[in-house]
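Heads up, the thing below is written out as structure tokens.
In our numbering, the protein residues as written are 3 to 252.
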């Protein structure tokens with residue numbers, strides 16, 4: 003179908019979202035999403051076109067808090083067993099955003115020109131906190147602004163293989179007002195601090211422009227292999243505070 007506003011799904015099992023065209027009828031608004039998902043089990047999202055939002059597709063968890071004792075995010079109401087394939091996510095600020103997702107396969111999607119800049123992220127795929135065992139394979143990140151894939155805030159077990167990255171050159175980025183002032187224009191970024199933003203503080207609330215908590219947000223067990231990068235890619239991989247990373251880049 004054709005949907006001009008957001009689609010919300012939460013607290014259910016066996017969800018299939020397929021063959022939809024979801025687009026914003028107005029200019030992208032901060033915190034808007036085309037598809038919002040929370041606390042699901044067994045999800046398939048395939049053959050959709052989503053454009054014109056802050057986040058094209060957003061996985062949320064409405065039960066998260068920062069544990070001072072464990073120096074880590076504690077997340078409940080997770081989404082499990084997710085298959086995202088053959089979607090076209092374009093003209094968003096973040097094409098796909100994951101939070102609280104366990105066991106996902108993200109494959110054969112097209113992330114195109116996600117540079118609308120409503121929140122100055124300009125990212126194809128953004129992994130926030132509480133994600134475990136996510137496979138990113140055979141996707142096309144085209145006309146990428148700041149970063150094709152960003153992994154931050156305690157992700158564990160991420161595999162990135164056989165993807166294609168096409169980065170905007172400096173002239174194209176200027177034309178699309180891509181804001182890179184804080185970050186390297188990197189195809190893949192595995193960081194604790196993105197856009198000078200640490201993913202929360204010890205109260206569990208956003209804490210921008212603060213590096214106090216950088217050592218808290220390490221990701222672990224990342225595999226990167228067989229990816230292809232175009233000639234405009236200045237940096238293949240940016241690493242910050244990440245452990246157990248295996249890659250074939252040189």
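We put the beta carbon where it would ideally sit given N, CA and C, even for glycine. Being a predicted model, the structure only gives us computed values, none of them experimental.
Self-check item: Beta-bridge partners of residue 143, as assigned by DSSP
Solution: Position 141 of the chain shown holds residue 143. In the DSSP output, where bridge partners are listed per residue, residue 143 has 113, 167.
Quiz item: When DSSP labels each residue in this structure, what does residue 34 get in the three-state scheme?
Solution: As a working mapping, residue 34 is identified with position 32 in the chain shown. It is coil, neither helix nor strand.
Quiz item: From 85, 175, 167, 113, pick the residue whose C-alpha is nearest to that of residue 227; which is it?
Solution: Within the chain shown, residue 227 is the residue found at index 225, counting from 1. Ranking 85, 175, 167, 113 by Cα distance to residue 227 puts 167 first.
Practice problem: Quick one: residues in its chain with C-beta nearer than 6 Å to the C-beta of residue 109, no 5 flanking neighbours on either side, listed in chain order? | Solution: Within the chain shown, numbered from 1, the residue matching residue 109 stands at position 107. Answer for residue 109: 87, 139, 140, listed in chain order.
Quiz item: So residue 62 and residue 101 are in contact, right, with Cβ under 8 Å, and what is the actual spacing, rounded?
Solution: Here the question's residue 62 lines up with position 60 in the chain shown. Here the question's residue 101 lines up with position 99 in the chain shown. Confirmed, about 6 Å.
Exercise. Measure the CB-CB distance between residue 164 and residue 145 and report whether it falls below 8 Å.
Key: Within the chain shown, residue 164 is the residue found at index 162, counting from 1. Within the chain shown, residue 145 is the residue found at index 143, counting from 1. Taking 8 Å as the Cβ cut-off, residue 164 and residue 145 do not qualify as a contacting pair.
Practice problem: Alpha carbon to alpha carbon, how far is residue 194 from residue 242? Give it in angstroms, no decimals. | Solution: Taking the chain shown and counting its residues from 1, one reaches residue 242 at position 240. Taking the chain shown and counting its residues from 1, one reaches residue 194 at position 192. Distance between the alpha carbons of residue 242 and residue 194: 6 Å.
Quiz prompt | Neighbourhood of residue 94 by C-beta distance below 8 Å, restricted to the same chain and skipping five residues each side | solution = Residue numbering aside, residue 94 sits at position 92 when the chain shown is read from its first letter. If we look at residue 94 and ignore the five residues flanking it on each side, its Cβ neighbours are 30, 36, 52, 53, 54, 55, 56, 57, 58, 116, 118.
Quiz item: According to the neighbour-count rule (16 or more other Cβ atoms, all chains shown, within 10 Å of its Cβ), is residue 252 buried or exposed?
Solution: Walking along the chain shown from the start, residue 252 turns up at place 250. Label assigned to residue 252: exposed.
Exercise. Can you give me the Cβ contacts of residue 250 inside the same chain, cut-off strictly under 8 Å, excluding the 5 residues immediately before and after it?
Key: What you label residue 250 is simply residue 248 of the chain shown in a count that begins at 1. Result list for residue 250: 226, 227, 228, in chain order.
Quiz item: How would you call residue 15, buried or exposed, if buried means at least 16 neighbouring beta carbons within 10 angstroms?
Solution: Counted from its first residue, the chain shown places residue 15 at position 13. Its Cβ having fewer than 16 others within 10 Å, residue 15 is exposed.
Self-check item: Alpha carbon of residue 89 to alpha carbon of residue 50, nearest angstrom
Solution: Residue numbering aside, residue 89 sits at position 87 when the chain shown is read from its first letter. Residue numbering aside, residue 50 sits at position 48 when the chain shown is read from its first letter. Computed Cα separation, rounded: 5 Å.
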